[in-house]
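Participant:
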Amino acid sequence: MALRRDVAQVDVDGITSARSPLASSAFMFALLVLHLVMGIAIVAAGRQLGRQAFAVAAVAPLATVIWAITQAGGVLDGEPVTESFSWVDGLGISLDLRLDAFALAMVAVVSGIGFLICLYALSYFKPHDPTTPVKSNVGRLAGTMTIFAGAMLGVVLSDHLIALFIAWELTSITSYLLIGNDDTNPRARAAALQAILITGMGGLVLLAGLTIVGQAAGTYRLSEIIENAPTTGSSTALNAGLICVLIGAFTKSAQAPFSSWLPGAMVAPTPVSAYLHSATMVKAGVYLVARMAPMFATEGNWRVVLLTVGAATMLIGGLRALRQHDLKLLLAYGTVSQLGFMMLLFGTGDDHIAQAGVVLLLAHGAFKAALFMVVGIVDHEVGTRDIRRLTGFGRGWRPTLVAGVVGAASMAGLPPLFGFISKEKALDGYIEHGDFIGSTVVLVVIVVASILTFAYSARFVLGLFGVFADSEFEASCDDAVDSHTAHAPSLQFVGPALFLSAFTLAAGCAPVIVDRLVEMATLALHPDAEPKPVHLWNGFNTAFMLSLVVIGTGTALTVFRSRVAATQSVTSKAIRLVPSSEQSFNFLLRGVGVVARRVTGLLQNGSLPIYVAVIMMVVTGVPLIAFAQEWTGFGDVIETPVHVVLVAMIIVAALGASIVRRRIAAALMLGAVGYAMAGLYVVQGAPDLALTQFAIETLSTVLFVLVLRYLPSTWTHRAPAIAAPMRIGVSVFVGVSVFVFALVASGARSDVSGPQQSEMMVENSLTKGKGSNVVNVILVDFRGWDTMGEITVLLVAAVGAVSLARGGRRRDELGPTFEEIFDFEPDGADGAVGDSESPASSLMSAAARRDEEGHA
Amino acid sequence: MSAPVGAPPRSMILDQSIKVLYHSILVLALYFEFAGHNLPGGGFVGGLMAGAAVSLRYVSGGAEAVRTTFRAPSHVILGVGLFLSSATALVPVLLGGAVLEHAEYETKLPIFGKVKVVSALSFDAGVFLVVVGLVLMAFAAFGDDRVPTETDDEATQ
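The listed protein sequences correspond, in order, to chains A and B.
According to the working numbering, the stretch in the first sequence is residues 27 to 882, in order.
According to the working numbering, the stretch in the second sequence is residues 703 to 859, in order.
1) Give a yes or no on whether 8 Å exceeds the smallest Cβ distance from A175(A) to chain B.
2) Taking all protein chains shown into account, decide if F785(B) is buried (16 or more other Cβ within 10 angstroms of its Cβ) or exposed.
3) If you draw a straight line from the C-alpha of L801(B) to the C-alpha of V795(B), how long is it?
4) Measuring only between beta-carbons, confirm whether T718(A) sits less than 8 Å from chain C.
5) Determine which residues of the segment 787 to 819 of chain A have a Cβ less than 8 Å from any Cβ of chain B, and write them out in chain order.
6) Give me the Cα-Cα distance between G798(B) and V806(A), rounded to the nearest whole angstrom.
7) What residues are listed by DSSP as bridge partners for D412(A)?
8) Among residues of its own chain, excluding the 5 on either side of L526(A), which ones have a beta-carbon nearer than 8 Å to its beta-carbon?
9) Which chain A residues are close to D717(B), counting only those with a beta carbon under 7 Å from its beta carbon?
10) What number of angstroms, rounded off, separates the C-alpha of G627(A) from the C-alpha of K152(A)?
11) For F25(A), which of helix, strand or coil comes out of DSSP?
12) So, helix, strand or coil for D838(A), using DSSP?
13) Using 8 Å for Cβ pairs, my map puts S198(A) next to G244(A). What's the rounded Cβ distance?
14) With a threshold of 8 Å between beta carbons, is H804(B) in contact with chain A?
15) Quick one: measure Cβ to Cβ for D155(A) and L248(A), integer angstroms, because I've assumed they're closer than 8 Å.
16) According to DSSP, which residues form a beta bridge with G815(B)?
17) In chain order, what residues of the same chain lie with their CB nearer than 6 Å to the CB of G10(A), ignoring the 5 residues before and after it?
18) Compute the distance between the beta-carbons of I413(A) and F480(A), then report whether it is under 8 Å.
19) If the cut is a Cβ gap below 7 Å, which residues of chain A does G764(B) touch?
20) Suppose you measure from the CA of V729(B) to the CA of A827(B); what does that come to, to the nearest Å?
21) Check whether the Cβ of T108(A) lies closer than 8 Å to any Cβ atom in chain B.
22) How would you call Y736(A), buried or exposed, if buried means at least 16 neighbouring beta carbons within 10 angstroms?
23) Which term fits L137(A), buried or exposed, when burial requires 16 or more other beta carbons within 10 angstroms of its beta carbon?
24) S120(A) lies in the beta strand (DSSP E); which residues open and close that run?
25) For F367(A), which residues in the same chain have their Cβ closer than 6 Å to its Cβ, ignoring the five residues on either side in sequence?
26) Assuming T410(A) and V507(A) are in contact, meaning their beta carbons sit under 8 Å apart, how far apart are those beta carbons, in whole angstroms?
27) Who are the Cβ neighbours of L572(A) in its own chain at under 7 Å, not counting the five residues just before and after it?
28) Report yes if the CB atom of G745(B) is closer than 8 Å to the CB atom of V829(B), and no otherwise.
29) With DSSP as the reference, please indicate the residues paired to E806(B) in a beta bridge.
30) Can you tell me whether DSSP reads R688(A) as helix, strand or coil?
31) Just confirm the distance between the C-beta atoms of G180(A) and L196(A), as a whole number of angstroms; I'd bet it's less than 8 Å.
32) Using the beta-carbon of each residue, which ones in chain B are nearer than 9 Å to H827(A)?
33) Is the Cβ of D838(A) closer than 8 Å to any Cβ of chain B?
34) Could you check whether V768(B) and V756(B) sit closer than 8 Å to each other, using their CB atoms as the reference points?
35) Can you list, in chain order, the residues of its chain whose CB lies under 7 Å from that of A665(B), leaving out five sequence neighbours each side?
36) State the start and end residues of the unbroken beta strand (DSSP E) segment that holds W883(A).
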């Protein structure tokens, strides 16, 4: 009840303006809140719920799907649903939600697959032996996944760039938590760290990019930017901003050279991999590119960068997928390849090619999630995902194999499946509408990569049927597995995968069921597009011929697979010379550590004189640059003879302090400088300042003496950290800087036009501040906040001084060192490009270990 | 109760005069605190004066004398001071005013006559307490009678 009332409250108070006649309900906002609240509740109750947590978690995506269906009619008629709430008014950030047809397609993928994954996970986390307890962190996994689903919805529903960014970062964080959910496994922790370092770095770059784009456009609302998109013209800022946006999208969607985190993330349980790292989260980058491309594809270097990166990713992913023995890694590299494909389709700014992208987005979501589910089933029942250990399956496995084969065939682009349509559409789009520089090259890349896709899809299917079974390899493994006699999965376990495969088949045979969605989603991206209807059969056109080439060449690659593998291992030795993205990542990480250590060693070398010198030079030198330009001369420095006397005292005492040998004498000299300073205040008629100065000098001299008791009474001049001429130089520099600072700052007051601050304070002191001592009224009233801050600092300083005085530093309490955190090196992290052995074997052993735990 | 290491032998005259001076300076500090709003003074100066009085006690009685100056521990004094100031700053907000908006109250007291009390006084009292607490903590931290030597370090390791 409380939640409903809050939402209603926001609805009434928060709507800034009725931007759309439909902006009257708060369902979208309520759904986002529902995901968040349910996620937190499930995490909290995770231990009690166990794997049933996924049954609870299924509610949120199901509610979203039902809501999306109720809205689909209006949205597909071209009337987006919008909601708007003020959020951070001071910064002009509002929570603008907008469900247009493209967002609807994404919601279908995010929540539809999310719901199926929850059902699937219910069986996936069911132990073989009903008496073994389910791991306690499963509930946490379900809760985090629910929060992730909400964040992902936030990404696709946000109409405001900053709100989108916040949801985007939330998906990175939840992804980190999900990959590292098994916190006792160092491999999972390392993979999670790698994922968040790469996507987090990309997120920061993205924020810069979105800010530049928003500033250039004059609005942060996507739906407004598209109506009045800024052009780069001669501005390099927008061009740089767009590159930043692309980098953010590339890191999120695992594009080269940022792709290394995605295969690493496969240590997560299969439901997580199926959901985040194939179907939804990695598409966030693609989604952003799809939204931005219609406005900016022709600007600056967008197309060059995007086509290069997308094409490289599509090829590299396909090549590496072909070398995997672990079915899950095969799919992971396949996902990388397909994400590159999607970038190539959405990023061109052409509406026809983007339409192919929408089809591929839907098709890929369906078949890749189904394939991951099949791999998870095999892993769960047999205990391995290595195709060298799979020897084929018994009768009970038929539904699973059907789901796997249909999914793989769709991935390969075989008719009459949904994947075939997407590939046809893509080829057709590039043939008919690729009228930009490089489009022919990209078309060739797409064809070649599609051949690779066909080949690794075939490898997946053949692996499932035990073609790669290798008895020698099986014998070398610690534990024996036999897929033939493995327990067949329950229908409930296979159900979600079967459903997705059925959809793939249905949408392939009768594309009319998705036609309207695809058409309107394309229109949402390109308002002036003229999308062609989606058909399975388009006649004997060039695209169909190319499809035949793909299928034919792919079959040939599959038939001669042993020769292909031999060639690949030869070339991979040559490619080894080029660092892989894993190696680059590790090199960078280590490099940051080394540089940080060097810089720290240089700046914090433990020498107090050097600390003081560096701090003083920076603190005074930086303002000096600004103040020196305002220098207007000395003015009337000497007003009365008393000034001369006092200043002489200051100079004599200061020189004395730097000459005397005894520390106590120097402290007293410093005190004398302070007293003479207070004398100046008296002469100038500032009793408050003088009083304070006297008191401070007295106390600080006493405290000085207290501390000096711990030090030798005279300075020793063994090897000073800074030579005397250098020290004198620093002192003179600091002194001159402060001098200029004081003169310029006190002279600056007369420059201010209008009523003077000081006069206003004097006038208002008695009436508003209720005191006739202006200085005190300033302290407690006009500038009372400053005083609050100052006494808080005093408190912190007191606590700090006490801890410094008392704390003997103990090494073991300082926490782990940098090396201990970052030097973890996964087995085979140094493996080169195209080398399938190392990551595969590392994952394999992780799977084996988990299996042992399961059986124990 | 021994004098700090390195201090000259205790002097009867010093001890006796400090006993007199200590309370006089405290009264002066309180005067500054109360007079501050209209005459030179204020919480900060008052606190520093009180701190100076405390340092006199240190000269005559060492760290032990400082420790027994006030019944409340120094960190409590510090915390109460910050609390008092923040509360004075925020109470007007609860009453619908601006942060640090001050109220005025006039009354007639015997002996003192007409007295005007401004709520800024309690803000200043907070500042006063923070400064006093800071000085006390500094003495507690660095004013130990025993100065650690090299042999001590070895003994603790």
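We put the beta carbon where it would ideally sit given N, CA and C, even for glycine.
Facilitator: This is what the structure holds:
1) no
2) exposed
3) The sequence given here has Val at residue 801(B), not Leu. Taking the straight line joining both Cα atoms gives about 6 Å.
4) Chain labels in this structure do not include chain C; the protein chains are A and B.
5) G795, K796, G797, S798, N799, V801, N802, V803, L805, V806, D807, G810, W811, T813, M814, I817, T818
6) 19 Å
7) D352(A)
8) I139, L142, A392, F393, A395, A396, M399, A429, G433
9) Going along chain A, no residue has its Cβ under 7 Å from D717(B), so there is no contact; the nearest lies around 17 Å.
10) 53 Å
11) Nothing can be reported for residue 25(A): it is not among the residues displayed for chain A, which extend from 27 to 882.
12) At D838(A), the pLDDT of 42 sits below 50, so the modelled position is not reliable; the number obtained from the coordinates is stated separately. The answer is helix: DSSP assigns D838(A) an H, G or I state.
13) With 8 Å as the limit, S198(A) and G244(A) do not qualify as a contact, their Cβ atoms being about 28 Å apart.
14) yes
15) Not really, about 51 Å apart at Cβ, beyond 8 Å.
16) L811(B)
17) For chain A, the structure presents residues 27 to 882; residue 10(A) sits outside this window and is missing.
18) no
19) Within chain A, no residue comes near G764(B); the closest Cβ sits about 11 Å away, beyond 7 Å.
20) 14 Å
21) no
22) exposed
23) For the record, residue 137(A) in the displayed sequence is Ser; it is not Leu. Buried, because 16 or more other Cβ atoms sit within 10 Å of the Cβ of S137(A).
24) 119 to 125
25) M340
26) 5 Å
27) L453, V473
28) yes
29) V820(B)
30) strand
31) 7 Å
32) It should be noted that the sequence gives Ala, not His, for residue 827(A). L836, M839, A840, A843, F844, listed in chain order.
33) Below a pLDDT of 50, predicted positions are generally treated as unreliable, and D838(A), at 42, falls in that range; no measurement from the model is reported.
34) yes
35) The requested residue 665(B) does not occur in the structure, where chain B is confined to residues 703 to 859.
36) Residue coverage of chain A in this structure runs from 27 to 882, which leaves residue 883(A) outside it and unanswerable.
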